[in-house]
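A quick write-up on the structure given underneath.
Okay, here's the thing in structure tokens:
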């Protein structure tokens, strides 16, 4: 989507991997991930994550309540703008219908062969202006055969993270089956907590100086 350099922009978020901008384009607002301000030593991982997101968005093009990929040129990733608030800013307390809709949204995503893989962060769940759930930030998404054992495992982890949010905001509506899903952790989760998460915390807090609100994600 070609946009002039003087197009009105508003920074939504900035971190070591670039800036997230709200850009006013000729056909309306859209969101741009700009890698131009990324430090040299982080440009390769920032590019890899943005490329991964572009691939996932391309794969789910046309699906409702997820961003639509507009353009990816190696430096800018442009996606459609969805009006709403992050879950932690507008928590769906007691809203059973919202969590039912969120589960249906996940099922649609998984049937298309995509696991989001980063749904512990409340910042990646939106409550849209009309109250629907929506998903953003597909940088860690995985694409594969939805019938494969690996993708079924990742889909289960996506669901487990959604149920953790439901336990936080709508605990009384958890079903017996959902409670069992929450109790049954996978080897992927156990391996992450034993190895990946300590490294993640060291890198994000000590090196990148992110304030990671345990689930909410880096603050703007």
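In the UniProt record's numbering, the protein residues as written are 1 to 220.
For every residue, glycine included, the Cβ atom is placed at its ideal position computed from N, Cα and C.
The structure displayed is predicted, hence computed values, not measured ones.
{"Query": "Taking the straight line between their C-alpha atoms, what separation do you get for residue 131 and residue 65?", "Result": "11 Å"}
{"Query": "Taking Cβ positions, are residue 137 and residue 123 nearer each other than 9 Å?", "Result": "yes"}
{"Query": "Is it the case that the stretch 30-49 contacts the stretch 10-22, given that we only count it when at least three CB pairs across the two stretches are under 8 Å?", "Result": "yes"}
{"Query": "Kindly indicate which three-state DSSP category residue 22 falls into: helix, strand or coil?", "Result": "strand"}
{"Query": "I need the straight-line Cα distance from residue 49 to residue 177, nearest angstrom please.", "Result": "34 Å"}
{"Query": "Hey, how far is the Cα of residue 91 from the Cα of residue 175?", "Result": "20 Å"}
{"Query": "State buried or exposed for residue 61, treating a residue as buried only when at least 16 other CB atoms are found within 10 Å of its CB.", "Result": "exposed"}
{"Query": "Taking 9 Å as the cut-off, decide whether the C-beta atoms of residue 168 and residue 108 are in contact.", "Result": "no"}
{"Query": "Report the CB separation of residue 139 from residue 27 in whole angstroms; it is logged as a contact under 8 Å.", "Result": "Residue 139 to residue 27, Cβ: 25 Å. No contact."}
{"Query": "Leaving out five residues on either side along the sequence, give the residues of the same chain with a beta carbon under 7 Å from the beta carbon of residue 106.", "Result": "158, 159, 162"}
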